[in-house]
């Protein structure tokens, strides 16, 4: 051994041995460690002192911290001790740009709201710029409340997609088809052309799933519905649609089609394993069987259905029939008025209980499932998101238990459904990227967005002759 | 003029002239200035750039800032620019020490919950110490969510009163009468003796209104109900009671008394202008007339009524009949599970709408009234609290509008009812005393209370053989 070799040996023993040890551990990018990990996997495993290992945008391991700490090393560690760690919440149905109309004429009938207020307000105000600012505001609000994926239906949806991606959020984003002139298209041909460009542009994107969104059977002709469905199938895209939301829709379908909205959509070939049906209030046993057989995903929107007095979706029966059913906030104007999915959990359980006059109708665990893994199933994304498991996208939220409403905690699911609030969400990770840390947003310029929202308030009010 | 006089004149011109000017202004202790002041006075006046002047524990002036700034000077000024300023919320019905049982066995029938879980848990755990820590925890949670006054029914209510006063909160605090052995009394004689001492002790207190609280007609004999009422009248105290909460209670009253719970309470002489009746679900037109005639205050608890599947109080009809009706969270265990009155506003409106299948059934302004001035009327305290007016107690909350869910704002009442959250409450003043400033609690040692709640979790769980 030469002197040089001796020196090298000495150095390696002194300095390199920790590296040598570490090199036995596998490389990762991020470890979230020490929290109570509520996986929502098929066994509903909960690790009291757990860890989640992330590489790139994907979870590579979930389990007890003691097991994983030795096996992995990562550039970034997030200490989750004393916190709950969950898969990000999934908002299965909304219209995010409408944040800028939040609270514009509530407490009116749906008909008055649409025709007297919202359609005129949209006609006078909605353009691509409006949609971008509305989406940014919604991203801030949704990230703050633990939503990592949302399904949207609006206009200029390509701009919604760009802003969603910029905010680091995951979206199933539907360009609306409606048989009257809309803010971004004059007719169906324009809608089809826009949507085909939109679908092509986002193919293969890790965060954005572009979709056609035929509005409903009462605003779209059979041809529009079928064209939108054909386009979706051509591009292996989902279809977003409002289904059986209103009694009038059901009555009219009976008159015009001799069958329910669900049966009509089935008959004309729209239903299938890529359809996401929002609301599904007026669905009888046969409809529920059809929805289950055709593997349609459904989204329950308790706030909206209560606020607009639409009716109550038979959620327990849908679950019993095997229909995947998630939760949605619906739009933040006229029908909610926020984007807080934790409130929808609370409401879904309480609404089912009072409707059935049965406190066992829908329990806390069920509504947490609806906000996570069942929401993923409803969006046909359960291979990708909805639970904390190796191979799934690293969409993870950390929830603080350091507020008076968070203690004591006897049951984790009850705490999530009934006691914890959006304001308890502390950090949010989407596809391995930290988008909120200790309640500080990292991907949205929040002061700028708030200022712009206030500007839009003045502009929209002026356009409608309000103060 | 001597040299000395000249010097004094010079000094007074240099330094004293502002004081001289100020001395023309009236002295006050606190001015809250620049916010959007939502008074909830009889004209429902709103001042966009308003001010509230406080001396001692009382409001001396409310109006436009420009008018009041020149007239008053105060030791302390709170800048409320960009914020909403409201009268503190009134939680009309709860059981605060039960915070320590939060989430202990939800999603069961009321019967199972009471007899299998809560009664055994209370028997094994509730003592004066438990009640003190539960009240402290509840004070932290309620102040954080903008509640300044609450009506409570529990045991060891004198300890509840001491802790409520220590936290600087206002309370209508009822010692429970129940015809079986309770944690703090073995029989009615003991309950009467305890309550009389309790009523005497707190007479004339500026924050605490002590009360007897006969639990209900199904847990108290006619004699207990009448004795409690007589005691209340002797001391000019309110009476807190659960009324017509359950279908079984109504059915049994029909069988046993040949009349509804409300008519029975009227017949035996309990109803009067000092009664606060929680729930009032099963009340028909005649009952509503009786409640109005007897000037009974009622408290609607939408979360609890939904969670326990009790039924839905006919709130619009109660309001139409002239019954003062407020809002309550009910206890934070089994029936909510939090103390967030803003959620009750949202729920009250949405529950009425869906129940009546009418989006106009109960609007945003109505539920804000229920949380403030109507809540005060329901507690028979509307001369004291419930609105921001000269002569009333200075119970004032400041609400931040600097979160994504708070913008844009087209309608203040809609924003309060449907979009703003407890977490937006920024500062809270009760009787002129600042108890929370910029979300920092000033009267409760929050870390200590959270730690103790976690300790109680272990103790209660062990007592019930849980993990």
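Residue numbers (my numbering), protein chains in the order written: chain A, 613 to 1079; chain B, 613 to 1079.
Ideal Cβ positions, reconstructed from N, Cα and C, are used throughout, including at glycine.
Residues that residue i bridges to, as DSSP identifies them
i                      : result
residue 782 (chain A)  : A:761
residue 1092 (chain B) : Outside the modelled stretch of chain B, which goes from 613 to 1079, sits residue 1092 (chain B), for which no answer is possible.
residue 675 (chain B)  : B:663
residue 1005 (chain B) : B:670
residue 701 (chain A)  : A:759
residue 854 (chain B)  : B:890
residue 1030 (chain B) : Answer is none; residue 1030 (chain B) lacks a bridge partner.
residue 824 (chain B)  : B:787
residue 650 (chain B)  : B:658
residue 1041 (chain A) : A:1008, A:1046
residue 691 (chain B)  : B:645
residue 706 (chain A)  : A:764
residue 1053 (chain B) : B:1048
residue 794 (chain B)  : B:797
Residue i versus residue j: straight-line alpha-carbon distance, rounded
i                      : j                      : result
residue 633 (chain A)  : residue 640 (chain A)  : Reliability of the predicted coordinates at residue 633 (chain A) is poor, the pLDDT of 46 falling under 50, and the value obtained from them is presented with this limitation in mind. Spanning the two alpha carbons is a distance of roughly 15 Å.
residue 824 (chain A)  : residue 702 (chain A)  : 19 Å
residue 589 (chain B)  : residue 659 (chain B)  : Past the boundaries of the shown model lies residue 589 (chain B); chain B is included only from 613 to 1079, so the question cannot be answered.
residue 1080 (chain A) : residue 772 (chain A)  : With chain A covering 613 to 1079 only, the question about residue 1080 (chain A) has no answer from this structure.
residue 757 (chain A)  : residue 942 (chain A)  : 15 Å
residue 804 (chain B)  : residue 842 (chain B)  : 11 Å
residue 690 (chain A)  : residue 754 (chain A)  : 21 Å
residue 1029 (chain A) : residue 890 (chain A)  : 21 Å
residue 1069 (chain B) : residue 954 (chain B)  : 27 Å
residue 1051 (chain B) : residue 1038 (chain B) : 5 Å
residue 664 (chain A)  : residue 687 (chain A)  : 14 Å
residue 801 (chain B)  : residue 1007 (chain B) : 37 Å
residue 708 (chain A)  : residue 692 (chain A)  : 30 Å
residue 1154 (chain B) : residue 652 (chain B)  : In the structure displayed, chain B extends from 613 to 1079; residue 1154 (chain B) sits before or after that span and is not available.
residue 827 (chain A)  : residue 818 (chain A)  : 26 Å
residue 829 (chain A)  : residue 940 (chain B)  : 41 Å
residue 861 (chain A)  : residue 736 (chain A)  : 27 Å
residue 685 (chain B)  : residue 697 (chain A)  : 51 Å
residue 949 (chain B)  : residue 847 (chain A)  : 46 Å
residue 913 (chain B)  : residue 788 (chain B)  : 19 Å
residue 722 (chain A)  : residue 973 (chain B)  : 13 Å
residue 928 (chain A)  : residue 1067 (chain A) : 43 Å
residue 654 (chain A)  : residue 1004 (chain A) : 13 Å
residue 672 (chain B)  : residue 880 (chain B)  : 43 Å
residue 1079 (chain B) : residue 1023 (chain A) : 10 Å
residue 648 (chain A)  : residue 779 (chain A)  : 27 Å
residue 839 (chain B)  : residue 638 (chain B)  : 49 Å
residue 934 (chain B)  : residue 908 (chain B)  : 10 Å
residue 894 (chain B)  : residue 900 (chain B)  : 10 Å
Residue-level contact to chain C via CB, residue i, 9 Å cutoff
i                     : result
residue 913 (chain B) : In the structure shown, chain C does not exist; the protein chains are A and B.
*State whether the stretch 914 to 923 of chain B contacts the stretch 961 to 975 of chain A, with contact taken as three or more CB pairs (one from each stretch) at a distance under 8 Å.*
yes
*Taking Cβ-Cβ distances below 9 Å as the criterion, which residues of the stretch 675 to 700 of chain B are in contact with chain A?*
Legend: CB atoms of the stretch 675 to 700 of chain B lying less than 9 Å from CB atoms of chain A are not found in any residue.
*asked:* For the structure I just gave you, are there three or more beta carbon pairs, one from the stretch 1002 to 1016 of chain B and one from the stretch 713 to 732 of chain B, closer than 8 Å?
replied: no
*Stretch-stretch touch, CB-based, cutoff 8 Å, three pairs: the stretch 847 to 867 of chain B with the stretch 817 to 835 of chain B*: yes
*Counting only runs that start and end within the stretch 902 to 960 of chain A, where is the beta strand (DSSP E) found for 3 or more residues in a row?*
Runs found: 909 to 912, 937 to 939.
*What are the residues of the stretch 990 to 1023 of chain A that lie near chain B, defined by any Cβ-Cβ distance shorter than 9 Å?*
1013, 1014, 1015, 1016, 1017, 1018, 1019, 1020, 1021, 1022, 1023
*Would you check if there are 3 or more beta carbon pairs closer than 8 Å linking the stretch 1047 to 1063 of chain B to the stretch 1017 to 1027 of chain B?*
no
_Touching by the beta-carbon criterion (3+ pairs, under 8 Å), the stretch 761 to 775 of chain A and the stretch 1034 to 1045 of chain B_ = no
*Inter-stretch contact (C-beta, 8 Å, three-pair minimum) for the stretch 935 to 953 of chain A and the stretch 980 to 988 of chain B*: no
*Using Cβ-Cβ distances below 8 Å, what residues of the stretch 887 to 919 of chain A are close to chain B?*
915, 917, 918, 919
*If contact means a Cβ-Cβ distance below 7 Å, which residues of the stretch 732 to 755 of chain A contact chain B?*
749, 752, 753
*Taking a cut of 8 Å between CB atoms, which residues from the stretch 761 to 795 of chain B lie near chain A?*
none
*Using 8 Å as the threshold, is the stretch 971 to 981 of chain B in touch with the stretch 666 to 686 of chain B, meaning 3 or more CB pairs across them?*
no
_Short of 8 Å Cβ to Cβ, which residues in the stretch 962 to 985 of chain A face chain B?_
962, 963, 965, 966, 968, 969, 970, 971, 972, 973, 975, 976
*Pull out every residue of the stretch 1047 to 1058 of chain B whose Cβ sits closer than 8 Å to any Cβ of chain A, in chain order.*
Contacts with chain A (Cβ-Cβ distance below 8 Å) from the stretch 1047 to 1058 of chain B involve 1058, listed in chain order.
*Closer than 8 Å, Cβ to any Cβ of chain A: which residues of the stretch 934 to 951 of chain B, in chain order?*
Interface annotation for the stretch 934 to 951 of chain B against chain A: 944, 948, 949, 950, 951, criterion Cβ-Cβ distance under 8 Å.
*Which runs of the beta strand (DSSP E) spanning at least 3 residues fall entirely within the stretch 835 to 883 of chain B, listed in chain order?*
If we require 3 residues or more, the beta strand (DSSP E) runs fully inside the stretch 835 to 883 of chain B come out as 851 to 855.
*Give, in chain order, every residue of the stretch 1068 to 1079 of chain A whose Cβ lies closer than 9 Å to some Cβ of chain B.*
Here the close residues are 1068, 1069, 1070, 1072, 1073, 1078.
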